[in-house]
Amino acid sequence: MAEEEGVDLLMVVKDASPPVCRLVEYSRYKFEEEKKKKEERKKQKAGVMETKELKMRPNTGDADYNVRLKKALKFLEKNNRVKVTVSLRGREMQFKDLGKELIERFQEEVGDAARIEQAPTIQGNQITMLLAPARE
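Counted the way our numbering counts, the sequence shown spans residues 22 to 157.
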């Protein structure tokens, strides 16, 4: 019967009594199965929270700062964590308070869109802070 119609006989449940079979085009069936697996992986990956990093310096200009701020808000909206890093080089190390002020200003401007997962900390020549999306 399957040969007459030009399709394949596929056993769906072999443990049943009698075994359950279907008449299908095997290539099409295989394609549908691959598609289902791909969708499952996509859904599984969507649940994973990624960490995005934004780097700045104490003398970062206002335009660049605003770009970083918009990017951070976009990342938080997409349910990603944001690591904000202010790098200090050379003589900037003497003015750690400028970096700290910049990161605190960033924190204030992000506002209710994020909660602080890790408060601003100084590690060597960097000041880092980790923001997570605000719980709804």
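Ideal Cβ placement from N, Cα and C applies to all residues, glycine included. The structure displayed is predicted, hence computed values, not measured ones.
Minimum C-alpha distance to residue i - residue among the options
i	options	result
residue 70	94, 99, 58	99
residue 113	105, 148, 89, 90	148
residue 97	57, 37, 73, 49	73
residue 22	76, 39, 45	45
residue 120	25, 88, 78, 59	78
residue 26	43, 82, 111	43
For residue i, the three-state DSSP class (helix, strand or coil)
i	result
residue 45	strand
residue 30	strand
residue 35	coil
Integer Cβ distance of residue i from residue j, believed to fall under 8 Å
i	j	result
residue 144	residue 137	Residue 144 to residue 137, Cβ: 16 Å. No contact.
residue 125	residue 141	7 Å
residue 109	residue 80	Actually they are not in contact, since the Cβ atoms of residue 109 and residue 80 sit about 10 Å apart, beyond 8 Å.
residue 209	residue 31	The structure shown does not extend to residue 209, since the chain is modelled only from 22 through 157, so no value can be given for it.
residue 75	residue 106	7 Å
Cutoff 6 Å; reference residue i; Cβ partners in own chain excluding five residues on either side
i	result
residue 34	41
Which full runs of the beta strand (DSSP E) of 3+ residues lie inside the region 72 to 157, going along the chain? 72 to 77, 102 to 108, 135 to 144, 147 to 154
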